[in-house]
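Residues in the sequence shown are numbered from 189 upward in steps of one, following the working numbering.
These notes are about the structure you will find just below.
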Amino acid sequence: MHSIFSYIWSPNNYMKEKTIDHVMRATWQAISKMYNEEAGKYGSTMATGFTLLSIDQEDGTPSTTLGPKMGMEATSLSRTLKGMEEKGLIYRKKNPKDGRSVLICLTEFGREMRDVSKTTVLRFNDAIRANIDEEKLKNFYEVSEVILELISNKKIYNSEIEVSAENK
Numbered sequence: 189m190h191s192i193f194s195y196i197w198s199p200n201n202y203m204k205e206k207t208i209d210h211v212m213r214a215t216w217q218a219i220s221k222m223y224n225e226e227a228g229k230y231g232s233t234m235a236t237g238f239t240l241l242s243i244d245q246e247d248g249t250p251s252t253t254l255g256p257k258m259g260m261e262a263t264s265l266s267r268t269l270k271g272m273e274e275k276g277l278i279y280r281k282k283n284p285k286d287g288r289s290v291l292i293c294l295t296e297f298g299r300e301m302r303d304v305s306k307t308t309v310l311r312f313n314d315a316i317r318a319n320i321d322e323e324k325l326k327n328f329y330e331v332s333e334v335i336l337e338l339i340s341n342k343k344i345y346n347s348e349i350e351v352s353a354e355n356k
């Protein structure tokens with residue numbers, strides 16, 4: 189079965205201009221691959237690094253808030269947390285404020301690996317900032333915010349937005 193994406197980008201139907209979603213998807217796939225390669229040097233994954241960065245270092249983070257915070261499905265998060273626990277990066281403890289929930293806390297090793305993850309992300313950001321001038325970066329953030337707003341407010345596939353003939 190072929191998706192509409194593969195149909196649009198097949199050689200017989202190649203569009204003269206790349207679509208916005210194609211550029212975003214290809215860029216994210218490259219970033220994801222880069223982060224996974226870097227994480228692999230430490231026997232880890234991008235998902236683990238992102239999770240480490242999402243856990244409060246001092247107080248831990250309720251497991252129920254991690255998924256929404258990271259935009260991760262419960263089953264994927266559960267699998268990631270299980271692997272992190274097995275590697276000694278995190279431990280679980282009862283939430284003293286709410287006995288029904290569990291806090292995910294970093295071990296000492298988890299804190300060390302969180303620092304590695306943080307350095308990795310900051311290095312990527314520094315490299316991008318060193319190669320793109322401030323005005324272009326500002327435009328990138330503005331465009332990204334508009335895209336997120338349109339999607340979050342479900343304004344893409346309704347009658348509120350006119351699609352001009354030259355964009356069809």
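Glycine included, every Cβ here is placed at the ideal spot set by N, Cα and C.
Closest to residue i by CA distance: which of the options is it?
i    : options                   : result
F238 : E322, A318, E330 and R302 : R302
E226 : S305, K270 and Q217       : S305
E274 : A218, T263 and L294       : L294
E296 : E246, G228 and K270       : E246
I219 : T263, V331 and T308       : T308
Over the uninterrupted alpha helix (DSSP H) stretch that includes residue i, give me the two end residues.
i    : result
G237 : M234 to S242
L294 : Per DSSP, L294 belongs to no alpha helix (DSSP H); it is in the beta strand (DSSP E), D286 to L294.
K270 : A262 to E274
Y329 : E322 to S340
K229 : Run containing K229: none; DSSP gives neither H nor E here.
K257 : S251 to M258
Residues in the same chain with beta-carbon distance under 6 Å from residue i, minus the five sequence neighbours each way, listed in chain order, please.
i    : result
F312 : none
H190 : Here the model assigns H190 a pLDDT of 45, short of 50, so the residue's position is not dependable, and the following value carries that caveat. None.
Residues in its own chain within less than 7 Å of residue i by CB, not counting five upstream and five downstream?
i    : result
T268 : A235, T236 and T239
N283 : P250, S289, V290 and L291
I think residue i touches residue j, with their Cβ atoms under 8 Å apart; what is that distance to the nearest whole Å?
i    : j    : result
T215 : N224 : Not really, about 15 Å apart at Cβ, beyond 8 Å.
L325 : R317 : 7 Å
Apart from the five residues on each side of it in sequence, which residues of its chain come closer than 8 Å, Cβ to Cβ, to residue i?
i    : result
D367 : No answer is possible for residue 367: the residues shown for the chain start at 189 and end at 356.
G298 : L240, I243, M272, G276, L277 and I278
F328 : I320
S340 : none
Just curious, the beta strand (DSSP E) that residue i is in, first and last residue?
i    : result
N283 : I278 to N283
Shorter than 6 Å, the distance from the beta carbon of residue i to the closest heavy atom of the ligand COA, or not?
i    : result
D247 : Ligands in the displayed structure: none, and consequently the ligand COA is not present.
Touch check for the segment 204-212 and the segment 258-266: three-plus C-beta pairs under 8 Å?
-> In this structure the segment 204-212 does not lie against the segment 258-266, because fewer than three pairs of beta carbons, one per stretch, are closer than 8 Å.
With a cut-off of 8 Å, do at least 3 Cβ pairs link the segment 265-284 to the segment 329-337?
-> no
Specify whether the segment 281-295 and the segment 236-250 touch according to this definition: at least 3 beta carbon pairs, one from each stretch, less than 8 Å apart.
-> yes
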